[in-house]
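Peer 1:
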Amino acid sequence: MEIVLETYIKGRGVWMVTIKIIFNSIIIIFSSILGYVFGNIYSKRAKNLLDLQYCMHVLESEIINGNSPLPQALENTSIKGRGNIAILFKEIKEDLIDNKREDIYDSFLLQRDALRNKYAFTNQDIEVFFYLGKILGKTTRNDQEKNIRFILTQLNNHYIEAEAEKSKNTKLYRTLGFLVGLGVVIILI
Amino acid sequence: MEIFQIVGIGIIATILVTIIKGVRSDFAIYVSIVAGVIIISMIIKDISFIISTIRNLSRIADIEITYFSTILKIIGTAYVVEFGSQISRDAGENSIAMKIELAGKIIIMTLAIPILLALMDLILKIMP
Amino acid sequence: MDVDLIFKIAGIGIVTAVLHTVLAKAGKEEYAYLTTLVGIVIVLGVVINLVSRLFDNVKVLFNLY
Chain A
89 MEIVLETYIK GRGVWMVTIK IIFNSIIIIF SSILGYVFGN IYSKRAKNLL
139 DLQYCMHVLE SEIINGNSPL PQALENTSIK GRGNIAILFK EIKEDLIDNK
189 REDIYDSFLL QRDALRNKYA FTNQDIEVFF YLGKILGKTT RNDQEKNIRF
239 ILTQLNNHYI EAEAEKSKNT KLYRTLGFLV GLGVVIILI
Chain B
123 MEIFQIVGIG IIATILVTII KGVRSDFAIY VSIVAGVIII SMIIKDISFI
173 ISTIRNLSRI ADIEITYFST ILKIIGTAYV VEFGSQISRD AGENSIAMKI
223 ELAGKIIIMT LAIPILLALM DLILKIMP
Chain C
2 MDVDLIFKIA GIGIVTAVLH TVLAKAGKEE YAYLTTLVGI VIVLGVVINL
52 VSRLFDNVKV LFNLY
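Chain order of the listed sequences is A, B and C.
Position one of the first sequence corresponds to residue 89 (my numbering), numbered consecutively onward.
Position one of the second sequence corresponds to residue 123 (my numbering), numbered consecutively onward.
Position one of the third sequence corresponds to residue 2 (my numbering), numbered consecutively onward.
In structure tokens, the structure reads:
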């Protein structure tokens, strides 16, 4: 092994070989990271959808069983909820109170960008979530309960679909990123 | 010693071709072609040296330069034809290989005809 | 014109084959075939270039113009 390495370096000089190795490693690492991040989007969406369902259950029990007003319910959901998405409810509550919104739907609208980028939701997921904003705190308790049930079913459907996509796609994109990096390195060697 | 490098490259190339034939059989040809080209390139300086030596010898021995040039061309054609036809044979295309060889034979005959005519002339001159 | 070239071609071949299998298994057959085709084209380009250079050398060597 050492003999091979020696003859290889003797043909080119130690510095060039080192620089080449570093350069190629950078390319491979960079491309793998790219593929990894891209693949993770799918797993993020699935996980966040699951956590969102959990938080919705908490919110439902807060509204139906607890007798607290809406801001308090939101705060409790954020505390008792699970995952990154619990923070979302706290932000909505704070926006509701700080800006004295008439309609809670506006607070929901503000979260659109966060929903898309931070939580990797698709447009359909966001529409379902906004539906929550439309019905929250407006109608009777029974109606709200039915609406929340409806939203939960929707979210569950989306979750199942996201789960399928995720298992298919995350590993694919991660592997793809690494392989493409490897291919580029080999072509450029 | 150059020969060890060349044999080594040949062995490695053969192993690689066998591996790749298992994974994806159409790429194996490329590896074998490239290996052939590289080995020939390593040898080409020696070939050139041999040829120039023979040329000098023929000049010293006072043989006409055209004869030597024709022989050289024939040898070159034979080599190139062999290279191409063997690659086709490796890929399983025996018919294409035979066509290449046929073309080579015909071209060699064409190259040889002037020498044949000169020989005829010589013989006719000798015979009464 | 070096030993590295053999490894490079073999490497491209293996990477292309693996990419093909990964993509095909993930269901994207079209991309799989596209990748394979691209790999073949690249390798073909390099090999044709090499062979052309070899034949040029042989032509000069044997006075075969």
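Just so you know, even glycine gets a beta-carbon here, dropped at the ideal spot from N, CA and C.
Everything numeric in this text was worked out from a predicted model, so none of it was measured.
#1: Check whether the segment 8 to 23 of chain C touches the segment 35 to 43 of chain C, taking contact to mean three or more Cβ pairs, one atom from each stretch, closer than 8 Å.
#2: Are the beta-carbon atoms of Leu-198(A) and Asp-213(A) separated by less than 7 Å?
#3: Secondary structure at Ser-166(A), three-state DSSP: helix, strand or coil?
#4: Thr-228(A): which of Lys-132(A), Asn-136(A) and Leu-158(A) sits nearest, CA to CA?
#5: Helix, strand or coil, according to DSSP, for Asn-153(A) in the structure here?
#6: Look up Lys-195(B) in the DSSP assignment and say whether it is helix, strand or coil.
#7: Find out if the Cβ-Cβ distance for the pair Asn-58(C), Ile-166(B) is shorter than 7 Å.
#8: Given a cut-off of 7 Å, decide if Tyr-247(A) and Asn-136(A) are closer than it, judged by their beta-carbon atoms.
#9: So which residues of chain C does Phe-126(B) contact, with C-beta pairs closer than 8 Å?
#10: Under 8 Å by Cβ, that's how I've got Leu-62(C) and Ile-173(B) pegged, so tell me the actual separation to the nearest angstrom.
#11: Which residues in the same chain as Ala-225(B) place their Cβ atom closer than 8 Å to its Cβ, once the five residues preceding and following it in sequence are excluded?
#12: Is the separation between the beta-carbon of Leu-240(A) and that of Met-144(A) shorter than 7 Å?
#13: Whose C-beta lies closer than 7 Å to the C-beta of Glu-124(B) among residues of the same chain, with five residues either side of it excluded?
#14: Any Cβ of chain C within less than 7 Å of the Cβ of Thr-263(A)?
#15: Under 8 Å Cβ to Cβ from Ser-156(A), same chain only, skipping five residues before and after it: list those, please.
#16: Threshold first: 4 residues or longer. Then list the alpha helix (DSSP H) segments lying entirely within the segment 197 to 228 of chain A, N to C.
#17: Report yes if the C-beta distance between Ile-209(B) and Ile-155(B) is below 7 Å; otherwise report no.
#18: Quick check on this structure: which residue in Ser-120(A), Ile-117(A) and Ser-166(A) has the alpha carbon closest to the alpha carbon of Gln-141(A)?
#19: Would you tell me roughly how many angstroms separate the C-alpha atoms of Ile-182(B) and Lys-227(B), rounded to the nearest one?
#20: Is it the case that the segment 250 to 270 of chain A contacts the segment 126 to 133 of chain A, given that we only count it when at least three CB pairs across the two stretches are under 8 Å?
#21: Go through its chain and collect everything with a Cβ distance to Thr-263(A)'s Cβ below 8 Å, but skip five positions before and after it.
#22: Between which two residues does the alpha helix (DSSP H) carrying Ala-183(B) extend?
#23: Mind checking the segment 178 to 193 of chain B against chain C and listing, in chain order, the residues whose C-beta falls within less than 8 Å of any C-beta there?
#24: Suppose you measure from the CA of Ile-117(A) to the CA of Val-146(A); what does that come to, to the nearest Å?
#25: Under 8 Å, CB to CB, which of the residues in the segment 9 to 30 of chain C have a partner in chain A?
#26: My assumption, with CB atoms under 8 Å, is that Tyr-96(A) sits in contact with Val-105(A). Please give the rounded CB distance.
#27: Helix, strand or coil, according to DSSP, for Asp-186(A) in the structure here?
#28: Mark Asp-139(A) as exposed unless 16 or more other C-beta atoms lie within 10 angstroms of its C-beta, in which case mark it buried.
#29: Which residues in chain B sit within 8 Å of Asn-64(C), going by Cβ to Cβ distance?
#30: Out of curiosity, what's the CA-to-CA distance linking Ile-277(A) and Asp-168(B)?
#31: Please work out which residues of its chain come closer than 7 Å, Cβ to Cβ, to Ile-185(A), disregarding the five sequence neighbours upstream and downstream, and give them in chain order.
#32: How far does the alpha helix (DSSP H) with Arg-216(B) in it extend, from its first residue to its last?
#33: Note down, in chain order, all residues in the segment 141 to 159 of chain B with a beta-carbon under 9 Å from any beta-carbon belonging to chain F.
#34: With H, G and I counted as helix, E and B as strand and the rest as coil, what does DSSP make of Ser-210(B)?
Peer 2: Judging by the given coordinates:
#1: yes
#2: no
#3: helix
#4: Leu-158(A)
#5: Residue state, collapsed to three classes: coil.
#6: If DSSP states are grouped into helix, strand and coil, Lys-195(B) belongs with the helices.
#7: yes
#8: no
#9: Under the 8 Å cutoff, chain C gives no residues; its nearest Cβ is about 13 Å from Phe-126(B).
#10: Between Leu-62(C) and Ile-173(B), the beta carbon gap of about 7 Å places them in contact (Cβ cut-off 8 Å).
#11: Excluding positions up to five away in sequence, the list reads Val-203.
#12: Going by C-beta atoms, Leu-240(A) is nearer than 7 Å to Met-144(A).
#13: Met-164
#14: yes
#15: Glu-150 and Asn-164
#16: 200 to 205 and 211 to 223
#17: yes
#18: Ser-166(A)
#19: 31 Å
#20: yes
#21: Hits under 8 Å: Gly-123.
#22: Ala-183(B) -> no alpha helix (DSSP H), and no H or E assigned at all.
#23: Ser-191
#24: When rounded, the distance between both Cα atoms is 42 Å.
#25: Cβ contacts with chain A come from Lys-9, Gly-12, Ile-13, Val-16, Thr-17, Val-19, Leu-20, Val-23, Leu-24, Ala-27 and Gly-28.
#26: 7 Å
#27: helix
#28: buried
#29: Ser-191, Leu-194, Lys-195 and Gly-198
#30: 29 Å
#31: Around Ile-185(A), the same chain offers Pro-159 as residues with beta carbons nearer than 7 Å, after the five sequence neighbours per side are excluded.
#32: One point to set straight first is that residue 216(B) is Asn, not Arg, in the sequence displayed. Where Asn-216(B) is concerned, the enclosing alpha helix (DSSP H) stretches over 216 to 248.
#33: The chain inventory of the structure shown lacks chain F, comprising the protein chains A, B and C.
#34: helix
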